[in-house]
Amino acid sequence: MLREFTAPKRRPPVLIDAPSHHLIPSSRGRARRKEETVTDHRATQEGATRWGMLGLAWLLYFGFAVTAASLVPIITPVRADLGLSYSQVGIILGTWQLVYIGAALPVGSLIDRYGAKPCLFIGMLLIAASAAARGLAVDFWTLVLAVALLGLGGPVISIGLPKLIAQWFTDHHRATASGIYVTGSQVGNVAVLSLSNIVVLPLVGHDWRHAMFTFGALGLTIAVAWLLLGRDASSTERMESGDLGILAGIRRVVRVKGVWPVMIIGMSGFIASHGFRNWLPQILESKGADADAAGVLAGAAAVAGIAGSVIVMRLVQRVTRSAMAQILLAVAGVTLAAIPFLDGPVLVGVLTVESFAAAALMPLMMNTLMEMPQIGPALMGAAGGLYFSIGEIGGFLGPALIGLLADLTGDFAVGVLLVAGIMLVMVIPARRLQTDEPL
């Protein structure tokens, strides 16, 4: 018997991967692949651009810090040339902070309205002009006016940069960027304090006026670099907040309850940074260190602060911001309280730990504001203006309180203990910080 033969059924063809020259792609497939290629290219380009913006942000903060600290290491020849008293020097050094307090709020809202790029350029020009104008000063009042210019340009930088970071970065990248850009200020401060007398002055013939012109030229160079290379991420946030007006933007920010713990903690951080940090060389000298050793130790502490800003903002991706703020405040408070009673290597170690913790507070608070859904990039200018306006009140009061208590008691211990107590008390509002999730 012959078996019935049944031809196999034809199966529909199965598409398999094959070299492109064996297939004729449809127009839709070609369009999709082209779109994916363009998207990938844009994503890569966008990623490279945002890190370039971070580099420029770092440079802008560096230039601000150099001018802000430029008079401190060369104040002796300045005093001799202009015939200034110590009281007049104190007024001069504090002038820009007083101007800053009044300028911060309107500057923040203007940044929200017009965007970071034009505002940061103008701010850096004002900072460069402040440095150069110091070299033209002929007496107390002309130097006061020159320093006051920094109070107009400074808030543009310190408020505009957080907005720039908020525009270009998201999620954990935003925390990392926040920790990196603030080191520009710390590096600038260390550089000008350590290099002015041993590098800059010898290069300009030991003429303090020429040193000021040099710092002004540096600021101008940074401003031009930003003008040529800097950019805003998009106009969306600027358009949204620009329609509000200056006062309306500020009103929206102050109604956010979560903002106020940040502001209070921020002011305490300024009390510690401007107060304790400005008096640190004299505190060390009162413990028996000579001027050179005190300067080296203060510089080493600043370097520890640079490390703290970066490392802590990486760690905050794994814990809540509230928990991290409480840890930083507790560590700063305890170490500050111990410093008046320590000497030698133990003092150096404790001072390093204090600087590591205290320096990270500002980028942590800035990042907390950025991540608030009620703030975000759109209102970061107004929020930053409020933060720095309130914070600089602490920046002005900190040095004054420590100096006053030193005059009354003949020792820095009481003032340092007061600052330590303030930091410990700030643990309470730190428990109420909003945006309380790991990144």
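The sequence shown runs 1 to 439 under UniProt numbering. Backbone N, C-alpha and C define an ideal beta-carbon position, used for all residues, glycine too. Quick caveat: nothing in here was measured; it's all calculated off a predicted structure.
- Query: Assuming G63 and A132 make a contact with CB atoms under 8 Å, what is their CB distance in whole Å?
  - Reply: At roughly 13 Å, the Cβ-Cβ gap does not stay under 8 Å, so G63 and A132 are not in contact.
Q) Out of curiosity, what's the CA-to-CA distance linking V262 and D81? A) 43 Å
Going by beta carbon distance, what residues of the same chain come within less than 6 Å of G395, once the five residues before and after it are set aside? Q97, F270, H274
For this session: For the stretch 175-186 and the stretch 123-139, state whether three or more C-beta atom pairs, one from each stretch, are separated by less than 8 Å.
Result: no
task: Determine the closest residue to V259 out of I390, P77, L59, L417, with distance taken between C-alpha atoms.
output: I390
- Going by C-alpha distance, which of G349, L150, L110 is nearest L336? G349
| field | Residues near A148 in its chain [Cβ-Cβ closer than 7 Å; skip 5 each side] | value | T95, W96, V99
Q) For H206, does the three-state DSSP call read helix, strand or coil? A) coil
- Message: Can you tell me whether A129 is buried or exposed? The criterion is at least 16 other CB atoms within 10 Å of its CB, across all chains shown.
- Response: buried
For this session: Determine the DSSP secondary structure at Q374, reduced to helix, strand or coil.
Result: coil
*asked:* Please tell me whether L405 and V414 are closer than 8 Å, where the distance is taken between their beta carbons.
replied: yes
Margin query: According to DSSP, is M426 part of a helix, a strand, or is it coil?
Written below: coil
Point to revise | Those runs of the alpha helix (DSSP H) which lie wholly inside the stretch 179-233 and span at least 4 residues | key: 183-195, 208-229
ask   = Can you give the beta carbon distance from L60 to L161, rounded, assuming they're within the 8 Å contact cut?
value = 6 Å
The stretch 346-366 in contact with the stretch 308-326 per 3-pair CB rule at 8 Å | yes
Notebook entry, point to check: What separation, rounded to the nearest whole angstrom, lies between the Cα atoms of M362 and G266?
Noted result: 7 Å
*asked:* So for L84, helix, strand or coil by DSSP?
replied: coil
Review point. What are the start and end residues of the alpha helix (DSSP H) that includes K163?
Key: 140-168
Checklist entry - Between F412 and P340, what straight-line distance do the alpha-carbon atoms span, to the nearest angstrom? => result 8 Å
| query | What is the DSSP secondary structure of S130, counted as helix, strand or coil? | reply | helix
Exercise. Which term fits S322, buried or exposed, when burial requires 16 or more other beta carbons within 10 angstroms of its beta carbon?
Worked result: buried
message = Here's the rule I'm using: 16 or more other beta-carbon atoms within 10 Å means buried, otherwise exposed. How should L56 be labelled?
response = buried
Going by C-alpha distance, which of V107, L93, L297 is nearest V346?
L297
Let me check understanding here. Comparing Cα to Cα, which of F140, A69, S286 lies closest to C212? First, the amino acid is wrong: residue 212 is Met here, not Cys. Looking at the Cα atoms, A69 is the closest of the given residues.
Item to check | When L280, M366, R134 are compared against V144, the one with the closest alpha-carbon | outcome: R134
Distance check for K257 and R318, CA to CA, integer angstroms please. 25 Å
Buried or exposed: V138, going by 16 or more other Cβ atoms within 10 Å of its Cβ? exposed
| Is N367 near R50, with beta carbons less than 8 Å apart? | no
Quiz item: In whole angstroms, what separates the C-alpha of D290 from that of W279?
Solution: 15 Å
Quick check: Q186 and A302, are their CB atoms within less than 8 Å of each other? yes
- request: Counting only the same chain and skipping the five closest in sequence on each side, list residues whose C-beta sits under 6 Å from that of A104.
  value: P155, G385, F388, S389
8 Å CB neighbourhood of L328 in its chain, flanking five on each side removed: V312, A357, A358, A360, L361, L364
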